[in-house]
Structure formats: C-alpha cells, structure tokens
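What the sequence shown shows, in the numbering used here, is residues 9 to 266, in sequence order. Each residue gets a CB set at the ideal place from its N, CA and C atoms; glycine is no exception. Computed from a predicted model, the values in this text were never measured in an experiment.
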Amino acid sequence: MASIEHLVISKVIEEQSLNEAVKSGIKPVYFSGDWEGIYQWVLNYNNEHGNVPSERAFHTAYGDIDIVDTTVESFSGLFKELIDAYRTRTVASSISDAMGPLDKDDVSEAIAILAKGLQSASADTARLRDFNIIEGWEEQLQMYREMKENPNALQGIPTGFAGLDRVTYGLRPQQFVVMVGEPKRGKSLFELIMATACHRHGLTPLFISFEMSVAEQRSRFYSLVAKIPYERILSGQMSDKEFDRLEKSMRMMKNMQP
C-alpha cells in the first residue's frame with residue numbers, strides 16, 4: 009500500500025500541477041524519510057523548468073518509484089492526511105525527547121520540550137479549513153436524514169458524562185474544548201474520564217498531564233475502567249471482589265487498541 013507521501017507526489021505529477029500544494033502551504037518538511045528530498049526535487053524541477061516533471065522525467069531521476077493511480081483522490085484529502093501524519097510525528101518526537109529530562113526529574117525542561125513540539129506542530133502546519141459549500145449537499149442531506157430518523161442520538165465521540173453528551177451530542181472533529189477551573193479542582197481527572205470514554209469508543213486518545221505522574225495516570229485509569237475508588241487502589245484496601253474486578257478489567261485491556 010502506497011504511503012501518504014507517495015500518493016501526494018503521484019497526485020502532483022499525474023495532475024501536472026503544484027498550484028494546490030503551494031496554495032495549501034505544503035512544505036518538504038511535512039514528508040517523512042526520503043520523501044522529503046523527493047518532494048524538494050519536484051519543487052526544484054518546477055522552479056527550473058517552469059512545469060511539474062513528467063512521469064518520464066520523474067522515472068529518470070527515481071527509477072525505482074512508480075507513480076500510483078490517484079484519480080479517485082482529492083488534493084485536499086491527501087494534504088490533510090499528510091499534515092496529520094506530520095503533526096503526529098512531531099508530537100511523538102517531542103514526547104520521546106521529553107522522557108530523558110523526566111527520567112532525571114527535570115520537569116521544567118520536559119515541559120519546555122513538549123511546549124516547543126506542540127507549538128511547532130500547530131504553527132508549522134496549514135490546516136485546510138476552506139470548502140465549497142455548494143458541493144457535497146447530497147451527502148449532507150443524507151446525514152441530516154439519518155439524524156432525523158435517530159433523534160437525540162450521539163453524533164460524535166462520547167464524553168463520558170451523560171449530561172455533556174445530551175448538550176454536545178458527542179465530540180466531533182475540529183472542535184476545541186477548553187475546561188476552566190481553579191487549581192486542584194479535578195480538571196485533569198475530568199479530562200482523563202473523557203479520554204477513557206474516547207478509548208472505549210475504539211479510538212486512541214493522547215492524554216498529557218503536567219500535574220499527574222505517569223504512575224498516578226495509570227492508577228487513575230485502572231480505577232476508572234474497573235470502577236474502584238482510586239484511594240482504595242492506592243492504599244491497598246481493596247476487597248477480594250474488587251481486586252478480582254480490577255484484574256479482569258486489566259486483562260481485558262490486552263486486546264484493546266493503545
């Protein structure tokens with residue numbers, strides 16, 4: 009299966025157009041591995057000759073890479089996947105880099121590394137928000153028909169709180185949710201409950217807390233999935249029945265997604 013980088017470059021060469029990529033702010037750094045240099049070569053070729061390289065010209069430079077058929081793919085869809093993959097790599101790299109300082113109890117340095125990585129992932133990417141509102145009305149109408157046939161049903165990811173689900177109908181893409189409160193009022197726990205609900209929904213959430221240690225995050229997560237008070241797990245004052253429930257919940261997780 010072709011990688012997203014392979015698909016983007018194939019699309020550019022098939023369509024003989026870099027306009028969409030340039031307008032969307034697609035940069036070589038968004039491409040992983042050798043693909044970064046290949047995309048830079050396409051840009052240099054276009055600057056030198058005034059047009060995108062043909063398949064023949066591309067194969068002359070990169071004979072071991074085939075141009076795959078991207079007829080059914082859209083530029084915007086491919087660019088979104090490319091940017092999402094770049095942001096994922098950037099955040100993952102920041103987390104990995106922060107582990108060294110954390111192992112040395114240098115929390116300030118770890119936070120600085122994470123902040124820099126998150127800022128880079130956010131600021132360096134041009135997310136594609138524009139769309140043609142005239143197009144796609146058939147799919148939108150079908151979605152509204154299904155919503156009418158299933159009134160009050162969740163339209164997104166459950167939050168883990170029935171009251172919030174009734175108000176929001178679930179969390180959906182491009183929503184930015186901010187929880188505000190005084191220090192030590194349970195905001196991190198609130199977010200962990202939401203992350204757990206997301207995980208139960210079959211997705212892979214990323215949970216970062218600057219207050220909870222990794223050990224506390226683990227214990228609180230197991231407390232939530234096993235429905236046992238965190239204090240009872242921490243103090244070791246679980247009944248045999250509670251411990252059996254905890255063990256069962258943890259064993260069931262081995263077959264789940266991260």
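Review point. If we ignore side chains and look at the alpha-carbon of each, how far apart do residue 261 and residue 57 end up?
Key: Here the question's residue 261 lines up with position 253 in the sequence shown. Here the question's residue 57 lines up with position 49 in the sequence shown. Taking the Cα positions, residue 261 is about 56 Å away from residue 57.
Review point. Looking only at its own chain, which residues have a Cβ that is under 7 Å from the Cβ of residue 134, when we skip the five neighbours before and after it?
Key: Position 126 of the sequence shown holds residue 134. Per-residue confidence for residue 134 stands at a pLDDT of 48, beneath the threshold of 50, marking its modelled position as unreliable; no derived number is given.
Check your understanding: What three-state label does DSSP hand residue 214 in the structure shown?
Key -> The residue you call residue 214 lines up with position 206 of the sequence shown. In the structure shown, residue 214 sits in coil (DSSP, three-state: anything other than H, G, I, E or B).
Exercise for review: To the nearest angstrom, report how far apart residue 90 and residue 16 are at their CA atoms.
Suggested key: The residue labelled residue 90 in the question sits at position 82 within the sequence shown. The residue labelled residue 16 in the question sits at position 8 within the sequence shown. Rounded to the nearest angstrom, the two C-alpha atoms are 8 Å apart.
Check your understanding: In three-state terms, what does DSSP make of residue 26?
Key -> Counting from 1 along the sequence shown, the entry for residue 26 is found at position 18. Coil, per DSSP.
Review point. I think residue 222 touches residue 257, with their Cβ atoms under 8 Å apart; what is that distance to the nearest whole Å?
Key: Mapped onto the sequence shown, residue 222 falls at position 214. Mapped onto the sequence shown, residue 257 falls at position 249. That belief does not hold up - the Cβ atoms of residue 222 and residue 257 are roughly 19 Å apart, past 8 Å.
Check your understanding: Looking only at C-alpha atoms, which of 259, 199, 235 and 12 sits nearest to residue 77?
Key -> Position 69 of the sequence shown holds residue 77. For the residues 259, 199, 235 and 12, the minimum Cα distance to residue 77 belongs to 12.
Practice item. Since I believe residue 63 is in contact with residue 75 (beta carbons under 8 Å), could you give me their beta-carbon distance rounded to a whole number of angstroms? Key: As a working mapping, residue 75 is identified with position 67 in the sequence shown. As a working mapping, residue 63 is identified with position 55 in the sequence shown. Confirmed, about 5 Å.
Point to revise | Sequence-distant residues of the same chain with beta carbon closer than 8 Å to residue 97, five excluded per side | key: On the sequence shown, position 89 is the one that residue 97 refers to. The answer, listed in chain order, is 40.
Point to revise | Contacting residues, own chain, Cβ-Cβ under 6 Å from residue 212 (five flanking each side not counted) | key: Here the question's residue 212 lines up with position 204 in the sequence shown. Cβ within range, chain order: 265 and 266.
Review point. Under the rule that 16 or more other beta-carbon atoms within 10 Å means buried, what is residue 152, buried or exposed?
Key: Locating residue 152 in the sequence shown gives position 144, counting from the first residue. The residue in question, residue 152, is exposed, as its Cβ has fewer than 16 Cβ neighbours within 10 Å.
Practice item. On the DSSP bridge assignment, give the partners of residue 179 in chain order. Key: Locating residue 179 in the sequence shown gives position 171, where the first residue counts as 1. Residue pairing by DSSP places residue 179 opposite 165 in a beta bridge.
**Study point:** Status (buried if at least 16 other CB within 10 Å, exposed otherwise) for residue 187
**Key:** Within the sequence shown, numbered from 1, the residue matching residue 187 stands at position 179. By the neighbour-count criterion, in which a residue is buried when 16 or more other Cβ atoms sit within 10 angstroms of its Cβ, residue 187 is exposed.
Point to revise | Coil, strand or helix - residue 124 by DSSP | key: Along the sequence shown, one-based indexing puts residue 124 at 116. DSSP places residue 124 in the helix class (H, G or I) of the three-state scheme.
Review point. What first and last residue would you give for the alpha helix (DSSP H) that runs through residue 67?
Key: Working through the sequence shown from its first residue, we reach residue 67 at position 59. 63–69 is the extent of the alpha helix (DSSP H) around residue 67.
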